[in-house]
Every structure is written in structure tokens, then in C-alpha cells.
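Below: the structure, in C-alpha cells.
Residue numbers (the numbering used here), protein chains in the order written: chain S, 1052 to 1521; chain G, 140 to 232.
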């Protein structure tokens, strides 16, 4: 529409802010970037650009540092933090012409699967009153599902892109660990964290991923590997390609509707020419307990930097330095973040390190080995993304493990460092649900190919909640 | 997991747990540790721990200055600072 001059860049950005206001009940945004965004849009109107994403309004998860724009990570401890620099991902997207219209709400420090842990209040899912959008990238998912923005950035440590994508009926990709620079991302669990695109379609995810990826010397885990054009493989035929179907999945524990939706998708892929191959991931069920040792351990170390000394919120009137640390952290962190820091300190403490942390890392290798073996036979692996559709706020009760199991199917890809996507593949009681496609190391192209071909045959990704303009 | 352990790890984490939440958090931690204990049923003898999915040694780069000096900007966003330093309560009497 922009290139045909049906709408100016500025009109488009104005429309986005109008939609944000009309949808303020969703609580999808923490901070808006209106003046600067309107200025940028006006610039594009005056000096048309041929950058690939020129003028595209995009929402940025509030976990990425954005220069001169408040970055809270969903936490009280950072509610006044204005970074003096931007994350590499933000720089890359803005260089490509994206307009960062605001920062999206999220679970505090990305620790949560329902957006109920944000200091800035729950995000609502546009598919129904009181439904959670998933988490932790719930604000990004909700904003896309509500038609406010066409795309957003997200991050995924155990499913934080894919699970909200599933619950909000959008498409989201967690790339291979190391594909996208982590510089300027507020760290949760450094060996698992990865940023990725969220959008309505796989094709849009490919366009975004093209710009998000770069080899970044500022991140020592950033991969110096060839970055393909992710659009190239989108339309390849699936004829003869192999889909791994995990026979160890405990489908009996899932809602019948979820199983039916999943099996229908597999049939759709067969009709597109793909072949189903039974594979075994015998250690898959260990991924959640493994994650809940590794992630808290890394989190307790990473979050030690929030001490009230150099940036962020500081507690008032501490009597000495130690009280300054303790009060600042106790007042600044929410319950879930505290719980994970405590677990991390426990599994890393003397006497428990071998029994928990080392053990979990050994099991992590077993999980990765299972995938290595499976991928010698197949191109991608498919599972449901989530155990069910969006649930009601507060319905998981006060038992944290019930919430942790939300990420049962997604966590293993983070432990193994593999790319994985969720795309809409059905509706249950007028609530969307997603299919997960896991790819081999560095093979985002195959995932995008399978997803795009599926989206040329189905229209689940085009369904929107009532009242949303397509 | 008992109250004493929770007190110890809270101190290691520089966190103070509110008294009225102490019982709930002790129970939560107990349940989470019980949940991850299932890993102990797995035979991992001779399995090398996997600390990072890339298993690559971090690359070094040439020792040249690449970043701007953000001293002023960084001190400005600190809760308390003077022209040269971050300020904290007195440490040495």
C-alpha cells in the first residue's frame, strides 16, 4: 500500500497509534515511541527509501535495549531505565527501515508463560476476555493478533516466542542459537536465549529474519556462518521431504481436540507431498526438569547485576551497602523472578552443584544427541506447540510447576540450540492453537519452507479475533 | 528444603523473603526440587556436560577500542553519582 502511495508512511504510523489507543485494554505496550516514530515516517515520506522494510511499523519486546527509550523488561527494578545504546537486533531492524513504534509488555525478565508476572499488569489475549496471551512475548503476540502491528520482535528461552504465537494465532520463529546477536538483550539464561521474529505469516517472518541476523563481534556466541536469504526456499516443493513424528509424545495426556488438530495438519503436509517418518526422542520428557535447573542457574548469575548501584531502581535510605543490595532486589523483583533466582542459587551452591547443575547439563547432552540422531533421517520434526489453547488468567493456580509444564513441547529446542517455529493450525472453541516445526541446526530455511507451503494451502493464519481488521 | 536452607540461599541471592511468604516459597522450592530430582534416575556416567549448544570456544578479537566512551551517559542514568563515580553508602568507616 505504501509503495502504491495509497497511504503515506505517516498516515500508517498514525493509524497504528490509533489502534493502540482503541486496544488499550489489551495492555500490550509498556512504553510508546510516538514522536520519534512520526518523525521517521515523515522522513520516509519526504525521502523515499528502498530499504527492505522501509516504513514498516514494528513493536519491540521490552527486553531489547533501545537507545533513549525506556526499557523495563517487565520489571519494577528497571522501571526508570533508559539505555544509552540499542541492541544489535534493534539496530539491524531499524537500519532496514523498520519504525519501532513502542515496547511490548512481557513476563518479568521473560520468566513466565502467561504474562501474569509483568510488573506492568497482565496482557490480554484479543481472542477472548480474561484469556492469557501466553508468555513471555505476550505483548508482541497480542499486538499482532489484534491487528495493531504487522510484526514484532520476541525472545525465546524456553518457548517465549512459540507459546504466545500458538495462543494468539500468529506465526513466530526462534532461530538457531547464535543466529541472532544477543548484544543488548537483557539476559535471562544466556545459553538458551534467542531473539526472533513474530508476524502473521511465515513469509513475513522470513523477511524479518533476513534483517535480524548478523554476525556480531560484540556477542561472542554470535555465529560466523553464511546467512541465506530466507525467502529463497519458501516455495520449494515438499515432495519427498521427511517430517519426523515423535512417537514418544504422550498424546494421551492432551485434549482430544489438540490431537485432532495436530493429526489433521500432518495429513495436510502429506497431501503437499511430504512423508511422515516415526522418530524417537527418548529423553524428551526430561526437558522440563533439565530446563528448570539450567535456566534458573544462569538466571541467578545474570540477575546479580541488578543491585541498585549503576542503573535502574535503588531502594531508599539503606543503612549500608549490603542493605542497599538486599532492599533494592527484594523491592524490585517479583515473586516468580525471586523463585528462580533462589532455585538457581540452590543448584549452584556448594554440595549441590554436581547433583543438580552438572547432572542437568549431562541430560541436556542426551537430549541434544536424540535430536542429532533424529535429524539424520528427517528434514523437520513436528509436534503440537502447546498442550491446549489459551487458558484463563489465574487458572493455573499457585503451583509454579503447572505453569512450567506449559512449555513441555517447546523447551527441548532451546536446550539443543535448534531453530523452531509455531504457526496457527486450528481453532478449538474459537481459540487458536499452533503447530511446532523444529528444524536442524542452522536450517531455518526448511522450517520456513514447510510453514509457508502449509500457509498457501490453509487459512488458519488469516483468522482474526472478532472486530479485527485484516 | 527447610527454612534454614531458604534463609541461606536467600542471603546468597541477596534477597529478603517476607515473613508471610516464607512458607509458600519454601513449599514451592521444595516442590520444584522434587520435580527436578527425576533427573537423578538417569544414568549419565561418561556423559560430558553440555554447557552451551554451540560448544565453540569464545572467539577473541583484536584489542582495539571499538566503543565510544559513554562515561557521562552511564553516570547520568545511575541512581546516584558524581562527575567521576557511582555513589553508594559508606563502606569503610
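Just so you know, even glycine gets a beta-carbon here, dropped at the ideal spot from N, CA and C. Owing to the predicted nature of the structure, the values given are computational and were not obtained by experimental measurement.
| Asked | Found |
| --- | --- |
| Within 7 Å of chain S by C-beta, residues of the stretch 186-209 of chain G in sequence order | 186, 187, 188, 189, 190, 191, 192, 193, 197, 198, 200, 209 |
| Same chain, Cβ closer than 7 Å to residue 1279 of chain S, five either side skipped, listed in chain order | 1496 |
| Whole-angstrom C-beta distance between residue 1200 of chain S and residue 1108 of chain S, which should lie under 8 Å | 5 Å |
| Per-residue contacts from residue 1271 of chain S into chain B (C-beta, under 8 Å) | Among the protein chains of the structure shown, namely S and G, there is no chain B. |
| Sufficient close CB pairs (3 or more, under 8 Å) joining the stretch 1089-1098 of chain S to the stretch 1116-1130 of chain S | no |
| Of the listed residues S:1446, S:1132, S:1387, nearest to residue 1237 of chain S (C-alpha basis) | S:1132 |
| Listed by chain order, chain G residues near residue 1344 of chain S by CB distance under 9 Å | 175, 178 |
| Beta-ladder partner(s) of residue 1490 of chain S, from DSSP | S:1431 |
| With 16 other Cβ atoms within 10 Å as the buried cut-off, status of residue 1218 of chain S | buried |
| Residue-level contact to chain G via CB, residue 1406 of chain S, 9 Å cutoff | yes |
| Bridge partners - residue 1396 of chain S, DSSP secondary structure assignment | According to DSSP, which records beta bridges pairwise, residue 1396 of chain S is partnered with nothing at all. |
| Reduced DSSP secondary structure (H/G/I, E/B, other) of residue 1503 of chain S | helix |
| Simplified DSSP state of residue 1472 of chain S, which is helix, strand or coil | strand |
| Residue span of the alpha helix (DSSP H) that contains residue 1142 of chain S, given as start and end | 1139-1146 |
| Three-state class that DSSP yields for residue 1287 of chain S in the structure shown | coil |
| The alpha helix (DSSP H) enclosing residue 205 of chain G, as first and last residue numbers | Where residue 205 of chain G is concerned, there is no enclosing alpha helix (DSSP H), given that its DSSP letter is neither H nor E. |
| Collapsed DSSP secondary structure at residue 1497 of chain S in the structure displayed | helix |
| For residue 1216 of chain S, three-class secondary structure by DSSP | helix |
| Residue 1321 of chain S, buried or exposed, once every other Cβ within 10 Å from all chains shown has been counted against 16 | exposed |
| Per-residue burial, residue 1052 of chain S [other beta carbons within 10 Å of its own, 16 or more giving buried] | The pLDDT assigned to residue 1052 of chain S is 49, lower than 50, so where the model puts this residue is not dependable; a value taken from the coordinates is nonetheless given after this. Exposed, by the Cβ-count rule. |
| Within-9 Å CB hit, residue 1052 of chain S to chain G | For residue 1052 of chain S, the pLDDT reaches just 49, beneath the cut-off of 50, and the residue's location in the model is therefore unreliable, although a value from the coordinates is still provided. So, not an interface residue. |
| 7 Å Cβ cut-off: residues of chain S touching residue 212 of chain G | 1135 |
| Residues in the stretch 218-230 of chain G having any Cβ partner in chain S nearer than 8 Å | 218, 219, 225, 227, 228, 229, 230 |
| Closer than 9 Å to chain G by CB, residue 1334 of chain S | yes |
| Reference residue 1242 of chain S, options S:1313, S:1215, S:1193, S:1469, closest by Cα | S:1469 |
| Short Cβ contact (9 Å threshold) for residue 1315 of chain S with residue 1439 of chain S | no |
| Separation of residue 149 of chain G from residue 1286 of chain S, as counted between CA atoms | 54 Å |
| Simplified DSSP state of residue 1202 of chain S, which is helix, strand or coil | strand |
| Residue 1263 of chain S: first and last residue of the uninterrupted beta strand (DSSP E) it sits in | Here residue 1263 of chain S belongs to no beta strand (DSSP E); instead the alpha helix (DSSP H) covers 1253-1263. |
| Boundaries of the beta strand (DSSP E) in which residue 1083 of chain S is found, first to last residue | 1080-1083 |
| CB contact check: residue 167 of chain G to chain S, cutoff 9 Å | yes |
| Three-state secondary structure assigned by DSSP to residue 1277 of chain S | coil |
| Residues, ordered as in the chain, of the stretch 148-161 of chain G that lie near chain S by beta-carbon distance below 9 Å | 148, 149, 150, 151, 152, 153, 154, 155, 156, 157, 160 |
| Residue 1367 of chain S classed as buried or exposed, judged by whether at least 16 other C-beta atoms fall within 10 angstroms | exposed |
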